[in-house]
Amino acid sequence: MMFCALLKIQIYIQSFFKIFNISRGILPQLEREIHQIESKSVEVYFKEEKLLFELHDDIKDCDTVLKQIQELLLDFQKNLSGLTSEIRELQNQTGQLNTQLKNRRTLSHEFSSFLSRITVPDDVSQSIESGPMKIQYQQFSNYSPSILSAVARMALDAVRPL
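Taking UniProt numbering, the leading residue of the sequence shown gets 1, the next gets one more, and so forth.
In structure tokens form, the structure reads like this:
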């Protein structure tokens, strides 16, 4: 390859001399100098040939290592994309669970409020159960229609949105 390049240079120089009509006496001297340069180039090539082959082998080894790194990076990218989809799925599930928790808390609050309105207080139930009819029983019996109407109202309210 180097020889071809030098041969082309020699042909260009000869053409140059022909075009510009340079004396023939200079041409042999230039040819000798070109030949000396060619000889030195060949000597340098043979001296550096082992290094060139080592460099070539090193480049091949680097290519192999780079291909392995590329494969590792592609596998890593695949793993990351899998993790990303899992994270998104977990985020969706977390959102759903948060909504369910909020709904349960709201329902628990409403249910507690409802139960407090329809249940008989402990002291009233104990006095009804343990003794003769007293004022508390009469108060409760006066109070129970309002409880029943509240329950009916709540039942209607619960059904209306449906």
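Yeah, the Cβ is synthetic: ideal placement off N, Cα and C, and Gly gets one too. Bear in mind that the values here come from a model prediction, so they are computed numbers and not experimental data.
Considering Cα atoms alone, identify which of I11, S81 and K78 is closest to H35.
I11
Helix, strand or coil for T119, going by three-state DSSP, please let me know.
Coil at T119, not helix or strand.
Quick check: the Cα distance between N98 and T64, rounded to an integer number of angstroms?
In this structure, the CA atom of N98 is about 51 angstroms from the CA atom of T64.
Since L30 and I13 should fall inside the 8 angstroms C-beta cutoff, what is the C-beta to C-beta distance between them, to a whole number of angstroms?
Correct: roughly 6 angstroms between the Cβ atoms.
For E110, tell me which candidate among D157, E54, P28 and L66 has the shortest Cα-Cα distance.
D157
Have a look at R153 and F114 and give me their C-alpha separation to the nearest angstrom.
11 angstroms
Compute the Euclidean distance between the alpha carbons of E86 and Q77, then round it to the nearest angstrom.
14 angstroms
Do you know how far the Cα of Q93 is from the Cα of L162?
Here L162 scores only 47 on pLDDT, less than 50, and its place in the model should not be relied on; the value that follows carries that caveat. So the alpha carbons of these two residues sit roughly 27 angstroms apart.
Inter-residue spacing [alpha-carbon to alpha-carbon] between S130 and S116
Straight-line measurement puts the Cα of S116 at about 22 angstroms from the Cα of S130.
On the three-state DSSP scale, how would you describe Q14?
helix
Here's the rule I'm using: 16 or more other beta-carbon atoms within 10 Å means buried, otherwise exposed. How should S15 be labelled?
Answer is exposed; the Cβ neighbour count stays below 16.
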